[in-house]
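Q: Before I ask anything, let me first share the structure, which is written out below as structure tokens.
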Amino acid sequence: MVRSSPAALSTLSVSTTSRTTIAPRAIRRRISEAMRTSPSGVVSSTLFIHPACSPIMRTTYHRSSTPAPAAAPNTHNAATDANAMQRAACSNFDPVRTKGSLSTVQKESSRAAFHFRPCVGPYRPSPSDAAAGPGFPDYPPRLMLDTHCHLTFPDYEGAVDRVLADAAAAGVTGAITISTTTQDCIEALAIAASHENVWCSAGVHPLYADRTPHKWGNLKHVARHEKCVAWGELGLDNHYTNPPRELQRSVLEEQLAFIESCAREGIDLPVILHCREAFKDLIPVLEATTLDPARFVFHCFTGAPDDMRMLLDFGAHVSFTGVVTYPNAPEVREAALLAPLDRIMLETDAPFLTPAPHRGVRPNAPKYARVTAEFLANLRGERWDDFHAQINENTSRFFGIQNVR
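Mapping to numbering that gives the first Met the number 0: the sequence shown position 29 is 28, numbers consecutive.
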């Protein structure tokens, strides 16, 4: 059942069963109509999940009473940019479809307003946006950590201080910059050592498995430093055929053996895993080691519910990026409902994967970790304070970082 008259009404209600799919195109068309008639040009939506886990889902779209934020000055045509940003906001929106079979969803989402706040152009400081809080303005800022970003990448050359300051203003108090090669880990440590609230990791990314020679001594040197809190990222990536999967696996096994030898020497760090379309291949390799499954985190989870069950049965942690907010990732959202809260962490994987509604903005930045955090809390029907506190506890416990507040 659909009721809508954007010119006369401020709400659009859609009711359906789990066996009926709401056409996203029709919904986006109605949102677009509402945006054209809204004086603020901002639309927010609220998702309600039946507290008894009924398959009935109701989604309400309403015009926001919050005034539209002032646009950042730029050299582009303002009218053209406004239209483009409205189209982008609509194209990025997709209602979360909750299936009745997901019996873990028992609670009503208490805060489920998605405020589309346009953000375009290259990375630049945005203190006004940060102060207001991206994502859900009704949540007060809370300090948190971006557990996975790549501050050594060219996107941030000469801008690391600015990136971190902008993140802190948004409540993201620190970050872990992740290594991808045995040379990159040295650069990651340099950034971590020169910034109080930045830490680093040491590892070889599977897509850089062919960047030889691998100087394992560099990894050990970095891992001995107090600012290094993890190995990784390492793993398997079956999405690409280059480097060849055989080479990826060979380097992975060599790296895991190296980590085991370091553990025997007293260098005992958790492991950040890269796993893309490779759960069935990667988990058996991990099971063959002597490493504790609870010390692994599958970063940037992009799998299906079955993949989530597999990693949870293995005993690992899981970390989510902005992918969970994407319209084309309903399975990731379903999987996110299966994960126990005490095994979840959050990240940006910046400069990639900027969360909606900022998707398309490059580079991504640690400040957007809060957007993903609030989206995920809402999706799971968690109280924000409880969700935030548990995520910080998970991060502190896993990485051994004691000053995450």
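All C-beta atoms in this analysis are idealised placements derived from N, C-alpha and C, irrespective of residue type, glycine included. What you are looking at is a predicted structure, and each value in this text was computed from that prediction instead of being measured.
Check whether the stretch 179 to 186 touches the stretch 201 to 219, counting contact only when three or more Cβ pairs, one atom from each stretch, lie closer than 8 angstroms.
A: Contact holds: three or more Cβ-Cβ distances are below 8 angstroms.
Q: What does DSSP give as the partner residue(s) for Met344 in the beta ladder?
A: Ser318.
Q: Quick one: what's got a C-beta closer than 8 angstroms to Leu352's C-beta in the same chain, skipping five residues either side?
A: These residues qualify, in order along the chain: Cys299, Thr320, Gly321, Val322, Asn363.
Q: Going by beta-carbon coordinates alone, are Leu233 and Ala262 separated by less than 9 angstroms?
A: No. Outside cutoff.
Q: Quick one: measure Cβ to Cβ for His147 and Ile190, integer angstroms, because I've assumed they're closer than 8 angstroms.
A: Going by Cβ atoms, the distance from His147 to Ile190 rounds to 14 angstroms, so no, they are not a contact pair.
Q: Go to Thr146, then tell me how far its beta strand (DSSP E) extends in each direction, as first and last residue.
A: Note, Thr146: beta strand (DSSP E), 143 to 148.
Q: If we count the other Cβ atoms within 10 Å of its Cβ and call it buried at 16 or more, is Gly380 buried or exposed?
A: It counts as buried.
Q: Could you tell me if Asp341 is buried or exposed, where buried requires 16 or more neighbouring beta carbons within 10 angstroms of its beta carbon?
A: Burial call: exposed.
Q: Using a Cβ-Cβ cut-off of 7 angstroms (strictly less than) and excluding sequence neighbours within five positions of Ala349, which residues of its own chain qualify?
A: The answer, listed in chain order, is Cys148, His149, Pro362, Asn363, Ala364, Pro365.
Q: Mapping the DSSP letters down to three states, classify Cys184 as helix, strand or coil.
A: Helix, per DSSP.
Q: Start and end of the beta strand (DSSP E) containing Asp236?
A: 227 to 236 is the extent of the beta strand (DSSP E) around Asp236.
Q: Can Pro242 and Ala208 be called in contact, C-beta distance under 9 angstroms?
A: Yes, Cβ-Cβ distance for Pro242 and Ala208 is below 9 angstroms.
Q: Would you list, in sequence order, the uninterrupted beta strand (DSSP E) runs of no fewer than 3 residues that lie entirely inside the stretch 246 to 312?
A: Counting whole runs of 3 or more residues, the stretch 246 to 312 contains the beta strand (DSSP E) stretches 270 to 275, 295 to 298.
Q: Run through DSSP, which three-state label would Ala158 get?
A: Coil.
Q: Thinking C-alpha only, which one of Ile258, Val159, Thr347 is nearest Ser193?
A: Of Ile258, Val159, Thr347, the residue nearest in Cα terms is Val159.
Q: Decide if Thr392 is buried, meaning its Cβ has at least 16 other Cβ atoms within 10 Å, or exposed.
A: First, the residue type needs correcting, since residue 392 is Glu and not Thr in the sequence shown. Looking at its Cβ environment, which holds fewer than 16 other Cβ atoms inside 10 Å, Glu392 is exposed.
Q: Among Ile271, Arg275, Ser260, Phe257, whose alpha-carbon lies nearest the alpha-carbon of Arg244?
A: The option with the nearest alpha carbon to Arg244 is Arg275.
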